[in-house]
Amino acid sequence: MRLDHLSYAAGPDGLASTAQRIGGLLGRDFTDGGVHPRFGTRNMILPLADDTYLEIVEVLDHPASDKAPFGQAVRARSALGGGWLGWVVAVDDITSVEQRLGRESASGSRHRPDGTELRWKQIGVNGLIADPQLPFFIQWESTSDLHPSAGADAAYSLACLEIAGDPQRVSEWLGETVEAPLEDVKVEWVAPHGTPGIIAAQVQTPHGLVRL
Numbered sequence: 034m035r036l037d038h039l040s041y042a043a044g045p046d047g048l049a050s051t052a053q054r055i056g057g058l059l060g061r062d063f064t065d066g067g068v069h070p071r072f073g074t075r076n077m078i079l080p081l082a083d084d085t086y087l088e089i090v091e092v093l094d095h096p097a098s099d100k101a102p103f104g105q106a107v108r109a110r111s112a113l114g115g116g117w118l119g120w121v122v123a124v125d126d127i128t129s130v131e132q133r134l135g136r137e138s139a140s141g142s143r144h145r146p147d148g149t150e151l152r153w154k155q156i157g158v159n160g161l162i163a164d165p166q167l168p169f170f171i172q173w174e175s176t177s178d179l180h181p182s183a184g185a186d187a188a189y190s191l192a193c194l195e196i197a198g199d200p201q202r203v204s205e206w207l208g209e210t211v212e213a214p215l216e217d218v219k220v221e222w223v224a225p226h227g228t229p230g231i232i233a234a235q236v237q238t239p240h241g242l243v244r245l
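FYI, the numbering for the sequence shown is 34 to 245, going by this note's numbering.
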């Protein structure tokens, strides 16, 4: 179990403008990730060190976005002006999470602009919708060389996550201590005043630390 990526919902200015704004702060451009046909969303990504990446996602005017929990979550966050949607934990075998949560995972896929298809399974988005401090889980079915973090510049890495929430609650959700997937990332837990969830992420860049 490890931290896989962070998801950020595009604001009212749309995916490209949100990616340009955040990329400008970091001094690094996001790339087109493609469309998630099963979820009614599309994304742009920025690879980071340690097999992690940032994802900016927007909902499409597509029936799937009304049915799929991930599409619903993105739509709701964007409707609030955009911002951090959640964090995602990668597991080697998602069946153990399915058994623990008592439901099946959903299959996901997207075609990159070069035509390459990425495939995965994910579960737990409904948990994130109900309690945004909770991550959801992903098991990649594509080979590691196709992981969205491939080609990352090692000078860009996730340094710290600021989460409003209760680490004990998150540990219960993970089925193990919250430190397990976050051993390489500093986490600052803040008592939530209002909605729990990611408050900010600090990214190390060649020009210093940037708080998003």
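The beta-carbon is built from N, C-alpha and C at its ideal position, and this holds for glycine as well. This structure is a prediction, so every number in the text was calculated from the model and none was measured.
query	result
Close-in-space but distant-in-sequence residues of the same chain around glycine 116 (CB under 8 Å, 5 per side omitted)	Tyr41, Ala42, Gly44, Arg110
Neighbour-count burial assignment, serine 98, 16 or more Cβ in a 10 Å radius	buried
Cross-strand partners of threonine 85 (DSSP beta bridge)	Leu81
Backbone CA spacing between aspartate 65 and alanine 52 [nearest angstrom]	10 Å
Beta-carbon spacing of valine 236, isoleucine 196 below 8 Å	no
Length of the line joining the Cα atoms of arginine 136 and phenylalanine 170	13 Å
Distance between alanine 192 and aspartate 13 (C-alpha atoms, nearest Å)	What the structure shows of the chain is the stretch from 34 to 245, and residue 13 is not part of that stretch, so it cannot be assessed.
Paired residues, beta bridge with serine 142 - DSSP	Arg152
Rounded separation between valine 246 and isoleucine 89 - CA only	Residue numbering for the chain in the displayed model covers 34 to 245; residue 246 lies beyond these limits and cannot be assessed.
Burial state of aspartate 46, where buried means 16 or more other Cβ atoms lie within 10 Å	exposed
Nearest-angstrom Cα separation, counted from glycine 148 out to proline 229	37 Å
Inter-residue spacing [alpha-carbon to alpha-carbon] between serine 177 and alanine 112	34 Å
Span of the beta strand (DSSP E), counted from its first residue to its last, around isoleucine 196	190-197
Spatial neighbours of isoleucine 162 in its chain, beta-carbon cut-off 8 Å, leaving aside the 5 residues before and after	Pro102, Gln105, Ala106, Ala109
Where aspartate 37 falls, given that 16 or more other Cβ within 10 Å makes a residue buried	buried
Classification of glutamine 132 by the beta-carbon crowding that lies within 10 angstroms, buried from 16 upward	exposed
Paired residues, beta bridge with histidine 180 - DSSP	Bridge partners of histidine 180: none, in fact.
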